[in-house]
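Colleague: Going by full-length UniProt numbering, the sequence shown runs without a break in its numbering and finishes at 296.
Note that the Cβ used here is the ideal one computed from N, Cα and C, for glycine as well.
All values derive from a computational prediction rather than experimental measurement.
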Amino acid sequence: MVLRASYGTLGLLGHVKKKIEMDTAYFMLDGRCVFDCGFCSHARSVDVDNKFLSRVVWKKVSSDDLKNINVKRICLQVVSYRGYRRDLEEVLKILKGKVISVSVRALTLEEIDSYFSLGIDSIGLSVDVVNERLFSKIRGGDFKKLMNLIKSAAEKYPGRITTHVIVGMGESDKELIDFFYNMKNFGVNVALFAFTPIKGTKLEDKIPPDRNRYRKIQLARYLIFEKEVSMDTFVFKGNMLEKINYRYEENLGRAFLTSGCKHCTRPYYNEKPGDIPYNFFEYNKDLENMVKELLE
1 MVLRASYGTL GLLGHVKKKI EMDTAYFMLD GRCVFDCGFC SHARSVDVDN KFLSRVVWKK
61 VSSDDLKNIN VKRICLQVVS YRGYRRDLEE VLKILKGKVI SVSVRALTLE EIDSYFSLGI
121 DSIGLSVDVV NERLFSKIRG GDFKKLMNLI KSAAEKYPGR ITTHVIVGMG ESDKELIDFF
181 YNMKNFGVNV ALFAFTPIKG TKLEDKIPPD RNRYRKIQLA RYLIFEKEVS MDTFVFKGNM
241 LEKINYRYEE NLGRAFLTSG CKHCTRPYYN EKPGDIPYNF FEYNKDLENM VKELLE
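(1) For K285, list the residues DSSP reports as bridge partners.
(2) At what residues does the alpha helix (DSSP H) containing V91 begin and finish?
(3) What separation, rounded to the nearest whole angstrom, lies between the Cα atoms of G274 and F281?
(4) Which class does residue 301 belong to by DSSP, given the choice of helix, strand or coil?
(5) Closer than 8 Å is the cut-off here; do at least three beta carbon pairs connect the segment 162-178 with the segment 187-196?
(6) Cutting at 6 Å between CB atoms, please list the residues of its own chain near S152, excluding the five before and the five after it.
(7) So, is the C-beta of R213 closer than 8 Å to a C-beta in chain B?
(8) Hey, is the segment 247-267 in contact with the segment 200-220, meaning 3+ C-beta pairs nearer than 8 Å?
(9) R139: which of F35, L10, E250 sits nearest, CA to CA?
(10) Could you tell me whether the segment 237-247 touches the segment 167-175, where touching means 3 or more Cβ pairs closer than 8 Å?
(11) What does DSSP give as the partner residue(s) for M240 in the beta ladder?
(12) For Y157, name the three-state secondary structure that DSSP assigns.
(13) Using a Cβ-Cβ cut-off of 6 Å (strictly less than) and excluding sequence neighbours within five positions of R85, which residues of its own chain qualify?
(14) Run through DSSP, which three-state label would N131 get?
(15) To the nearest angstrom, how far is it from the Cα of N279 to the Cα of D65?
(16) Cα-Cα, which of R32, V56, W58 is closest to V46?
This is the structure in structure tokens:
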């Protein structure tokens with residue numbers, strides 16, 4: 001078993017001097033992935049050091065570190081290597097009694113059942129690419145089959161299924177917003193990432209999404225899930241979001257915070273420290289001004 005931790009988590013463990021205050025600790029079960037996603041540093045065909053997940057370095061730690069961590073939530077990222085289920089189940093037994101989220105490319109409802117039987121709080125079934133044609137090309141697999149699995153899991157475990165979406169894979173804004181409504185109907189929370197080009201991957205030359213476009217999508221997701229707005233809130237030009245018809249109200253700036261499980265932060269996952277973040281991990285009043293500009 002190869003277990004890694006994000007830089008912020010290493011600080012919580014005392015393995016590095018700099019400590020970032022986080023309520024969630026992030027660990028990764030690592031190995032040679034059997035899949036070949038075009039955006040991923042762990043894809044089967046890429047020549048990228050396994051210490052990277054997206055652009056973030058995850059250093060090796062021991063299973064003893066799992067026992068010593070004291071946080072509100074533990075998030076386990078699981079690479080789909082041969083034997084990952086065995087290792088994941090072993091880790092879940094070590095973490096018994098803690099609040100755990102698992103992000104894993106589960107293939108069946110039976111597999112999902114097995115993780116919940118070991119006490120996890122929630123499971124993330126990533127979609128990543130919301131355009132069905134691009135899903136097959138970039139991520140691989142059957143889009144409809146995954147949608148059916150997410151729906152079945154959400155019906156069986158209400159409020160405990162999440163998914164991840166990457167903005168900037170070639171999809172339209174309309175496809176993203178339609179997807180948000182579908183997941184809202186399923187009772188599935190959606191966490192947003194911005195596409196990040198990683199050297200050595202198939203999409204290393206692809207340009208990240210425009211931040212203004214990403215802000216609109218963040219706000220749209222927030223309004224759909226938190227304010228339950230109708231589709232006519234969104235004005236499209238072609239299939240791209242042109243305007244959001246919603247009157248400003250206080251605290252809408254929270255739309256730009258990292259979306260995910262409760263206590264999720266994922267600091268600097270999409271950008272280098274010092275860059276303007278795609279996902280902010282703490283609230284400040286400047287975010288309110290950003291919302292006002294979008295709604296003008």
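Modeller: Taking the coordinates as given:
(1) Answer is none; K285 lacks a bridge partner.
(2) 84-94
(3) 14 Å
(4) Only positions 1 to 296 of the chain appear in the structure, and residue 301 is not among them; the question remains open.
(5) yes
(6) L109
(7) Reference to chain B is not applicable here, since this structure consists of a single protein chain.
(8) yes
(9) F35
(10) yes
(11) K237
(12) coil
(13) none
(14) coil
(15) 28 Å
(16) R32
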